[in-house]
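Participant: In full-length UniProt numbering, the protein residues as written are 1 to 325.
Attaching a single structure in structure tokens format; questions to follow.
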């Protein structure tokens, strides 16, 4: 049995024992979503290094494949198991204040893909990493029906074009006393955007590295746009201390956060969903959209890319540039 099939069988068995874990509260909707959630677990084995997760971690994450916006704490390989938290307060209470890196995986991924990407980054930085689960919730039925990337991608391209003309894209103003970001249209419909914005805006946390893959880059962009409106002090803090690494899709980022855009030369999906006019910092020969080492030379080696990038930043051989704004 292949490693992919072994992982999928483990997921299927575990989900049968915990059918309520991903419940939306609407049985008919759950019935429609379950095949898509299982499909996304399959995609995770194709696009992410799920072999870097233990069988026990797969069993823990399987009942929560689609907990969109759930926060994971992922230590490096061979140190401690993946843990999951429903919100920022629970994450901080478990030691999240010491975490300096956060990741967001791509379109169609579940908690498995989110944990696998974070594990690759954790191995590069040598410390635990936070991950926001992109998941597959009710909002993703809409976005997939419109073409997967459509809602995020269209907003990102429009912002980029308006910025070229010096025009700021209008946003929904906050209607709460604290100016919380959930009133943004995209944050309201996408718990992953809201969860990432909450992490980045929390004064108890201090991130120095943000890593996204595929649609995850667009989630990062929208979370930062939310901060720009509702928590400008948090965005200002990130501008002075953080780097962003985008993998497999080049998007517009707000503010002046240092960004490092990486894409494979053979990554047609990534090229299709990138903003024209923003040149990548690193193009990898033969590499496609996958980060799974099972795909040989065609995979994007996340751990090596992040490790090499951080080494270049540390020794000053890569002069960081502001994201296009």
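Glycine included, C-beta positions come from ideal geometry on N, C-alpha and C.
The structure presented is a predicted model; accordingly, all values stated were derived computationally and were not measured.
Sorted by chain position, which residues of the same chain lie with C-beta nearer than 7 angstroms to residue 122's C-beta, five sequence neighbours on each side aside?
Facilitator: For residue 122, where only same-chain residues beyond five positions count, the Cβ hits under 7 angstroms are 74, 75, 76, 128 and 129.
Participant: Leaving out the 5 sequence neighbours to the left and right, which residues in its chain are closer than 6 angstroms to residue 119 when beta-carbon positions are compared?
Facilitator: 52 and 74
Participant: Rounded C-beta distance between residue 92 and residue 196? I'm assuming under 8 angstroms.
Facilitator: At roughly 15 angstroms, the Cβ-Cβ gap does not stay under 8 angstroms, so residue 92 and residue 196 are not in contact.
Participant: In chain order, what are the residue ranges of uninterrupted alpha helix (DSSP H) at least 4 long that sit wholly in the segment 227-301?
Facilitator: 232-241 and 268-272
Participant: If you draw a straight line from the alpha carbon of residue 198 to that of residue 251, how long is it in whole angstroms?
Facilitator: 21 angstroms
Participant: Just mark residue 270 as buried or exposed, buried being the case when its beta carbon has 16 or more other beta carbons within 10 Å.
Facilitator: buried
Participant: The beta strand (DSSP E) that contains residue 212, what's its start and end?
Facilitator: 209-213
Participant: Going by Cα to Cα distance, which pick from 227, 242 and 230 is closest to residue 210?
Facilitator: 242
Participant: Counting along the chain, where does the beta strand (DSSP E) carrying residue 72 start and finish?
Facilitator: 71-74
Participant: Take the Cβ of residue 126 as the centre, count every other Cβ of all protein chains shown within 10 Å, and call the residue buried at 16 or more, exposed below.
Facilitator: Exposed is the call here.
Participant: Any idea what DSSP makes of residue 103, helix, strand or coil?
Facilitator: Residue 103 sits in a strand when the DSSP states are folded into three classes.
Participant: How many angstroms separate the CA atom of residue 259 from the CA atom of residue 54?
Facilitator: 32 angstroms
Participant: Given residue 257, which residues of its chain have a CB within under 6 angstroms of its CB, disregarding the five upstream and five downstream residues?
Facilitator: 238, 239, 242, 244 and 323
Participant: What is the DSSP secondary structure of residue 131, reduced to helix, strand or coil?
Facilitator: strand
Participant: Tell me the rounded alpha-carbon separation between residue 286 and residue 89.
Facilitator: 42 angstroms
Participant: Could you give the distance in angstroms between the alpha-carbon of residue 231 and the alpha-carbon of residue 280?
Facilitator: 29 angstroms
Participant: Can you grab the Cα-Cα spacing for the pair residue 110 / residue 215, in whole Å?
Facilitator: C-alpha separation (whole angstroms): 12 angstroms.
Participant: Compute the distance between the beta-carbons of residue 200 and residue 234, then report whether it is under 9 angstroms.
Facilitator: Yes, the Cβ-Cβ distance between residue 200 and residue 234 is below 9 angstroms.
Participant: With distances taken from CA atoms, which of 69, 273 and 114 is nearest residue 291?
Facilitator: 114
Participant: Short check: CB of residue 104 to CB of residue 124, under 9 angstroms?
Facilitator: Not closer than 9 angstroms, so no.
Participant: Could you check the C-alpha separation between residue 134 and residue 47 for me, to the nearest Å?
Facilitator: 14 angstroms
Participant: Whose CA, out of 217, 294 and 228, lies closest to the CA of residue 263?
Facilitator: 217
Participant: Let me know the secondary structure DSSP gives residue 204 once reduced to three states.
Facilitator: coil
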